[in-house]
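Read the structure below first, then the notes.
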Amino acid sequence: MEKYFKNKRSAIVISLFCMLLWGSAIPLIKASYRVMEVASDDVGAKLLVAGVRFCIAGLMGLGYFLLLNRGKPRGTVSWKYVGILCLLQTTLQYLFYYLGLSNTPGVKAAVIQSSNAFFIVILSALVMRDDRLTPRRLLSLAIGTAGIVAANFQAGSFFSFHLTGEGFLLIATLFNAMATVFVRKWGKGQDPALASGLQFFVGSLPLIALGAALCRQWPHFSPVALVMLLYGGFISSTAFALWSMVLRYQSSGEFGIYRLFIPVFGSLFSVLFLGEHFTLEICIGMVLVLLGSLILNLPDRKKKVS
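Position 209 of the sequence shown, counted from 1, bears residue number 246 in our numbering, the numbering being contiguous throughout.
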């Protein structure tokens with residue numbers, strides 16, 4: 038199975054599938070708040086919903102581990118690795134993300150989320166010897182990010198900044214990029230399914246505790262809401278396990294560009310499931326993102342031997 042992650046073409050397909058799953062979480066979160074009757078200013082209820090979702094994701098991740106390792110030697114992980122990962126990837130990222138998202142328009146949130154690629158490239162250049170800030174990589178990131186801005190452009194929506202809104206989202210995005218580079222640097226030898234399950238489950242516990250303490254009114258956990266939470270758990274456990282495997286064999290600086298597809302997929306799913314309008318700006322944005330990815334993956338010219 039490792040051959041699919043070592044092969045660049047199949048790794049790209051797997052990466053895009055992960056981004057599709059993560060992109061579907063954007064309208065899922067919005068719809069789940071309505072279904073669970075969560076008030077827009079009830080921070081505790083939102084954190085509680087997030088905690089329950091990632092607790093489910095953790096249990097699913099552990100289920101993947103048991104399924105994949107049936108009749109085989111058990112995988113191993115470092116508890117230090119899991120502890121750092123659950124702190125960065127789950128507790129801190131989603132603490133700031135859910136708080137920031139409640140105070141930020143969705144358009145601006147998508148733009149800020151796309152800055153993840155910049156953080157990954159910069160952090161990879163600082164931490165990984167094989168990841169350098171090449172002109173082509175910077176150009177592709179600039180074009181891809183311009184596509185995200187175009188896809189989410191609304192006149193007059195980019196001129197305000199609040200620490201508890203846009204600031205918290207930017208902090209959450211930084212934590213996500215740190216986790217991505219951390220997996221690439223220190224993830225070798227760690228079982229991705231086991232690490233994913235443990236980090237989601239352990240990382241969800243502080244969110245549940247904090248959400249329960251701050252919650253003004255408990256979310257309405259109807260059968261539909263439970264199905265949405267189960268799908269949310271599937272998104273996180275499946276996408277993170279696959280993405281971790283990709284980063285074990287591919288460059289985090291190069292493959293970080295594909296995270297730009299998350300808000301693009303999010304926009305498409307919002308059109309399909311939330312009834313939002315498919316605009317010309319979204320079309321232009323998707324073309325630019327695809328162009329940026331194409332530039333990034335052009336084959337290097339081989340030097341002719343004289």
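Where a beta carbon is used, it is the ideal one built from N, C-alpha and C, also for glycine.
Would you mind reading off the limits of the alpha helix (DSSP H) that contains residue i?
i	result
N213	F205 to W223
E39	E39 to K43
I93	V80 to L105
F277	P260 to Y286
Is it right to say residue i is buried, meaning 16 or more other beta carbons lie within 10 angstroms of its own, or is it exposed?
i	result
F196	Because the pLDDT at F196 is just 47, under 50, the model does not fix this residue reliably, and the point stays unresolved.
A48	buried
P300	buried
C55	buried
V86	buried
E39	exposed
F170	Note on identity: in this sequence residue 170 is Leu, with Phe being the wrong assignment. Under this definition L170 is an exposed residue.
Q130	buried
Return helix, strand or coil for residue i, following the three-state DSSP convention.
i	result
T141	coil
R166	coil
F302	helix
C123	helix
T171	coil
C252	coil
L325	helix
For a quick check, are the C-beta atoms of residue i and residue j less than 9 Å apart?
i	j	result
S52	F292	yes
G88	G234	no
L297	G329	yes
A146	L65	no
L160	V218	yes
M265	V80	no
K83	L136	yes
Determine the closest residue to residue i out of the options, with distance taken between C-alpha atoms.
i	options	result
T113	V326, F258 and G224	G224
P256	K43, D78, W59 and F310	D78
L105	I149, D228 and I121	D228
A187	G204, T316 and R166	T316
L263	I63, S304, F91 and A76	F91
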